[in-house]
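**Q** First, the structure itself, so that you have it in front of you.
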Ligand SMILES: [Fe+2]
Ligand SMILES: [Fe+2]
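Right under this line is the structure:
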């Protein structure tokens, strides 16, 4: 990774201040800086989010003004409009009867990293297998479309998972905006960056939150929000293989393959398989 030397020295208080530091402190500072830059690079690659900078949150009006600075709409899925710039790449072919694992390996490339880190955290925190599965699946619909991704995601998975898992996926999106100190969940800094520091969610999100808050399954989506992890930990390498048993027990893989199974959402899977198809 290339480090911007001047920016690094500036962060230490300038070249002179840096020269007065002992070698070990300077090495620590460099390591810290590299982690930060790696976090930014990973965050941009996996989800397109900038790492929030508390000193520079935009206002909701400034976020609104950014719309016409981009050649795409923010709701466009990562598979459809990559955020890394340049042309899209030819996608690897999918097997004839694709499984959820195949989608993780060949299509969910921008979101799987984040969801696997979240599911791994949920596992470490001793969550139920259904919550771990919900964490693993909670954001992958953002490959297709980002707007209302909780609802899109729940619909994409509903025929293959329990009602509780679909509930957790659908409503994690609304709960993300509301703190719950009883489980240590705070409003995310990322949202101040993404939506603006003075943003208030629209009425349907507020009404959904009020409904879910009183629901007997409230803790299911809440635990997805609690384990929703944006930070990159370079010491944690997570692969889909860690979740094969849970997927095997809780995901009803159709034998014809996702997209070929005639379910009400098969077309959504086919679109993910062939996003280059014009019609
Ligand atoms: Fe989400
Ligand atoms: Fe997430």
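Numbering (this note's numbering), first residue to last: -17 to 261.
A virtual CB, placed ideally from N, CA and C, is assigned to each residue, including glycine.
In angstroms, rounded to a whole number, what distance separates the CA positions of residue 201 and residue 254?
**A** Going by the C-alpha atoms only, they are around 30 Å apart.
**Q** Between the alpha carbons of residue 49 and residue 177, how many angstroms are there, rounded?
**A** Roughly 12 Å between the two C-alpha positions.
**Q** Counting by C-beta, which residues lie closer than 7 Å to a heavy atom of ligand 2, in chain order?
**A** Those satisfying the condition are, in chain order, 96, 97, 100, 120, 121, 210.
**Q** What do you reckon, are the CB atoms on residue 206 and residue 154 nearer than 9 Å?
**A** Yes, Cβ-Cβ distance for residue 206 and residue 154 is below 9 Å.
**Q** Using the three-state DSSP reduction, which class does residue 121 fall into: helix, strand or coil?
**A** In the structure shown, residue 121 sits in coil (DSSP, three-state: anything other than H, G, I, E or B).
**Q** Could you tell me the boundaries of the alpha helix (DSSP H) in which residue 252 lies?
**A** That run of the alpha helix (DSSP H) goes 248 to 255.
**Q** What residue range is occupied by the uninterrupted alpha helix (DSSP H) comprising residue 133?
**A** First-last of the alpha helix (DSSP H) with residue 133: 131 to 139.
**Q** Verify the contact flag: residue 204, CB atom, against every heavy atom of ligand 1, threshold strictly below 8 Å.
**A** False, no ligand heavy atom lies under 8 Å from that Cβ.
**Q** Run through the segment 78 to 104 for me and flag every whole alpha helix (DSSP H) of 4 or more residues, listed as ranges in chain order.
**A** Runs found: 82 to 88.
**Q** When DSSP labels each residue in this structure, what does residue 35 get in the three-state scheme?
**A** Residue 35: coil per DSSP, three-state reduction.
**Q** Can you tell me the Cα-Cα spacing of residue 89 and residue 77, whole angstroms?
**A** If I take the Cα positions, the gap works out to 12 Å.
**Q** Identify the continuous alpha helix (DSSP H) that holds residue 305 and give its terminal residues.
**A** The shown model of the chain, from -17 to 261, leaves out residue 305, and the question about it has no answer.
**Q** Taking the CB atoms as reference points, tell me whether residue 208 and residue 165 lie closer together than 9 Å.
**A** It is a contact, given that the beta carbons lie within the stated cut-off.
**Q** Give the DSSP-derived three-state secondary structure of residue 191 in the structure shown.
**A** Reduced to three states, the DSSP call for residue 191 is helix.
**Q** Quick check: is any heavy atom of ligand 1 less than 8 Å from the C-beta of residue 137?
**A** Incorrect: residue 137 has no Cβ contact closer than 8 Å to ligand 1.
**Q** Return helix, strand or coil for residue 159, following the three-state DSSP convention.
**A** Residue 159 falls in the coil class under three-state DSSP.
**Q** Is the beta carbon of residue 175 within less than 8 Å of some heavy atom of ligand 1?
**A** No, ligand 1 has no heavy atom inside 8 Å of this Cβ.
**Q** Leaving aside the five residues before and after residue 79 along the sequence, list all residues of the same chain whose C-beta is less than 8 Å from its C-beta, in chain order.
**A** Answer for residue 79: 237, 238, 239, 242, listed in chain order.
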